[in-house]
Structure formats: structure tokens, C-alpha cells
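When we follow the UniProt record's numbering, the leftmost residue of the sequence shown carries the number 1, and every step to the right adds one. Glycine is no exception: its CB is placed at the ideal position from the N, C-alpha and C atoms.
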Amino acid sequence: MDKEKKLQLLEEAFAEIHLRLESYQYEQFLQYYEMLIEKNKVMNLTSITEFEEVIHKHFADSVVNFEKIVDNSKKISLIDVGTGAGFPGIPIKIVYPFIKIVLLDSLNKRVKFLQEVIESLELQDIIAIHSRAEDAGRNVQYRETFDYCVSRAVANLATLSEYCLPFVKVGGCFISYKAGAVEEELEQSKKAIQLLGAEVEEKKDFILPNTDIHRSMIYIRKVKSTSQRYPRKSGMPSKEPLK
Numbered sequence: 001m002d003k004e005k006k007l008q009l010l011e012e013a014f015a016e017i018h019l020r021l022e023s024y025q026y027e028q029f030l031q032y033y034e035m036l037i038e039k040n041k042v043m044n045l046t047s048i049t050e051f052e053e054v055i056h057k058h059f060a061d062s063v064v065n066f067e068k069i070v071d072n073s074k075k076i077s078l079i080d081v082g083t084g085a086g087f088p089g090i091p092i093k094i095v096y097p098f099i100k101i102v103l104l105d106s107l108n109k110r111v112k113f114l115q116e117v118i119e120s121l122e123l124q125d126i127i128a129i130h131s132r133a134e135d136a137g138r139n140v141q142y143r144e145t146f147d148y149c150v151s152r153a154v155a156n157l158a159t160l161s162e163y164c165l166p167f168v169k170v171g172g173c174f175i176s177y178k179a180g181a182v183e184e185e186l187e188q189s190k191k192a193i194q195l196l197g198a199e200v201e202e203k204k205d206f207i208l209p210n211t212d213i214h215r216s217m218i219y220i221r222k223v224k225s226t227s228q229r230y231p232r233k234s235g236m237p238s239k240e241p242l243k
């Protein structure tokens, strides 16, 4: 597939989710894709590698419905916890360059790849850091300093909330990207979310355009400071989720 065709497919994919980007942003997505596939040959970043699948299931999926929370007139800070290959943080940064972003991952090899992407795409006000969420969440540099925390990580919502809510300032929001039916998981996590100083504000269900993937975005609003007891030490949130 030639470059012009790829750029056309990118433009069409974003049009499906009501986003029209500048030409340089489509170029950045194309370069990101090429770096992702090249690095994927030597380390496991994604099982999805076909161009059209990546643009729908990774790129568009990262930013669908995100425009509803973005206010272009405000400085916004965001942390992406368990970012992996950079989803959703890097697509969010490409589409909304004014958002200040921290990408957090526990595997240093992935963090080094993300740093290469940031440098190659000449992205500003975005850094990738190597840390477990439990450790970074206790660091005063990051604790309760972000307007938004996002995560596409595959984990129980109670566990994810303990990883993510300590980063969110009071009044801010944790957005969890979930696949499939989440009603039972959401109900079982409400006590944990309350313990962490937050409440479920909204759940948006949709089918990702050009796929058969059922998606839910769960918006969890921080209403008071998280107790210093949380997050618990490394490993505890996943071994013994809050109930």
C-alpha cells in the first residue's frame, strides 16, 4: 500500500469519529505506525499489525469521544497509566497537541521506544517515565497533579482505580477504556472507587466504527483527596482488589 493510500485511509478513519486533522498530524500517525511495526519485530508491542486494523483499533479507538472533554482554552494535564506501546496517550497527543502528557509504563524497553517516538515525531510537552503505578502514585511529583488519568490497560476496574485515581487532582477525572460488557465489573468496583475518593460519573457504550468491538468509556470523577493508604505496595492492588 503506497503512502497516499495510507494517508487517505487515516483521513477516512478519523472522519468516521468526527475528527478532521491537519496534514502534519496524519503524517505523524503514519510515522508512528511505521515505528511501531519496525519495533514490533524485536519486541512484543502489539498483536495488531495490519495498517487498517491499527488505525481503527489503536489510533481511532484512543481518541473516540475524547473531544467531549477537551476545552481548547484550558491547559490540560493527563497521565496515561500502563501505556504499553503508547495507547491512548500518543494518539491523544497527536490530535490534541496542547495537552501536557505523561506516559507511564513499568517496562523500560517500552519506555525507551516511546521516547524514540516522541523525539522522532517532535512532540512537545510529553514525557515517558519508567515506573510501576504504585510507586509513581506515591511520588509527590505526580500524586494528585493531573486533570485526567486514562488507561486502556487490561485489569479489573477496582485494581485500575487504585492505580489511577491517586494521580488525579480533586475535580479531575479518571477515564477507563473497557471492552465488552462492564456492568457487573462496574457494580463490584463502586465501593473501591468510593474508598479512593471518587464516584462514577458516566458510562458511554458504543461500537468502534469499522469494527465489531463493543467499547465502554467509564468516567470516574475525583471528589476528595485519596487517602495516603493508597495505592498499596507493589502487587497488592492486582492480587487483592479493594472491595
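The DSSP-derived three-state label of R152 is coil.
Under the DSSP assignment, A192 falls in the alpha helix (DSSP H) whose first and last residues are 183-195. DSSP places A198 within a strand segment (E or B) once states are collapsed to three. CA-to-CA, the gap between I99 and V117 works out to about 17 Å. The DSSP-derived three-state label of H58 is helix. Taking 8 Å as the upper bound for CB-CB distance, L160 and L196 are not in contact here, some 11 Å apart. For C173, the pairing in a beta bridge is given by DSSP as Y148, R221.
Classified as buried, R152 has 16 or more neighbouring CB atoms from the shown chains inside 10 Å of its CB. When secondary structure is reduced to three states using DSSP, R229 falls in the coil class, being assigned neither helix nor strand. Of all alpha-carbon atoms in Y230, I92, Q31, the one lying nearest the alpha-carbon of D125 is that of I92. Rounded to the nearest angstrom, the Cβ distance from G172 to D147 is 5 Å, consistent with a contact under 8 Å. When DSSP states are grouped into helix, strand and coil, K5 belongs to the helix group.
The continuous beta strand (DSSP E) containing K100 extends over residues 100-105. Bounds of any beta strand (DSSP E) do not take in S23; it lies within the alpha helix (DSSP H) bounded by 23-40.
Bounds of the alpha helix (DSSP H) holding S120 are 108-120.
By the neighbour-count criterion, in which a residue is buried when 16 or more other Cβ atoms sit within 10 angstroms of its Cβ, H18 is exposed.
Put simply, the region 183-194 does not touch the region 106-120. Fewer than three CB pairs are less than 8 Å apart.
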